[in-house]
Structures are given as C-alpha cells and as structure tokens.
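No gaps in the numbering here: position 27 of the sequence shown is 98 in our numbering, and each next residue is one more. In this text, a Cβ means the ideal position worked out from N, Cα and C, and glycines have one as well. Below is one structure, written out as structure tokens; comments come after it.
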Amino acid sequence: MLFKLNISVKLKRVLIVLLALVGFTLLYILNPTTQAFMPKCPFRLLTGLSCPGCGFQRALHALLHGRIFEAASYNLYLVYAGPYALALLIQDYFLPQKQKEKWMKVLEHKYVVYFYIYTFMIWLVVRNILKI
C-alpha cells in the first residue's frame, strides 16, 4: 500500500510560497556564475549543446537584481515564458474555482500551449546555431 499524504489546499499554498521565497532568496544572494556547487545542466553536460533552459539560474539571478537586459542575454526564453509559467502556477494554486476556470480557457488553450511548445523547440535550435 502506498503512503498518501493528504495536505490541505491552504497548506500547499503556504509551502509553495515558502519554497519560492527560499529559492529566490538563495538565488538573490548566491551568484550562479561564481558558485561551483550550483546545479549544472545535464543536457549540456551530455551533449555539449545548450538546452532551452540553459542560463535559467543566471537569468533569474539577474532578474532578481533588476537587470532585465542581462537576464535576456542569459536566457531570452525565460524572460518571456517565465510570466506564463508564473500565471499557470497562480491559476493552479491561488485562484478561486470560478476565476480559475476563466484563466484556464486562456492559459491552457491549445494554441497558447502549442505556441510555447513550438517556441521552446525553436529556441533550442536557434540558440545552438547562433551560439547564444
């Protein structure tokens, strides 16, 4: 028999916010370019190519310090897909059911999802061809 952890919705929200705060605080304090213990991209280690997420930590560190153009230079995809990911998280865990259904119609519409999947794949190819 599998152990099933039953956590209330309110507790899930608190845990998500706390984990996000801890993660953002660590990324604000620790510069990924100077810290050897920061996680490395397994895709890049195996293939030598940059995945669409490469530069995520450096970009987020720059964003947390208000350096938007520097963040875009590390990972342009994060700068425009990050708000979408944040909106999905807010929709899933923080909105009342009625508002959630309205947001779902837009955020989870098949064309919106396809757009982000296709641009993810295009970014994978473009960043490796242009070496960015």
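What is the DSSP secondary structure of lysine 173, counted as helix, strand or coil?
Lysine 173: helix per DSSP, three-state reduction.
Suppose contacts are defined by Cβ-Cβ distances below 8 Å. Is alanine 156 in contact with asparagine 146 by that definition?
Going by C-beta atoms, alanine 156 is not nearer than 8 Å to asparagine 146.
Can you tell me whether valine 197 is helix, strand or coil according to DSSP?
Three-state result, valine 197: helix.
I need the boundaries of the alpha helix (DSSP H) containing proline 123, first residue and last residue.
Proline 123 -> no alpha helix (DSSP H), and no H or E assigned at all.
Mind checking leucine 126: buried by the 16 CB within 10 Å criterion, or exposed?
In the sequence under discussion, the amino acid at residue 126 is glycine, which differs from the leucine named in the question. Buried, because 16 or more other Cβ atoms sit within 10 Å of the Cβ of glycine 126.
At which residue ranges does the stretch 87-166 contain complete alpha helix (DSSP H) runs of 4 or more residues, listed in the order of the chain?
The qualifying runs are 113-118, 127-135, 139-145 and 147-164.
Determine the burial state of glutamine 168: buried for a count of at least 16 other Cβ atoms within 10 Å of its Cβ, exposed for fewer.
The residue in question, glutamine 168, is exposed, as its Cβ has fewer than 16 Cβ neighbours within 10 Å.
Distance, Cα to Cα, tyrosine 164 vs leucine 90?
When rounded, the distance between both Cα atoms is 14 Å.
So, helix, strand or coil for isoleucine 203, using DSSP?
Note: isoleucine 203 maps to coil in three-state DSSP.
Taking the alpha-carbon positions, what's the alanine 107 to proline 154 distance?
Going by the C-alpha atoms only, they are around 28 Å apart.
So, helix, strand or coil for isoleucine 188, using DSSP?
Isoleucine 188 falls in the helix class under three-state DSSP.
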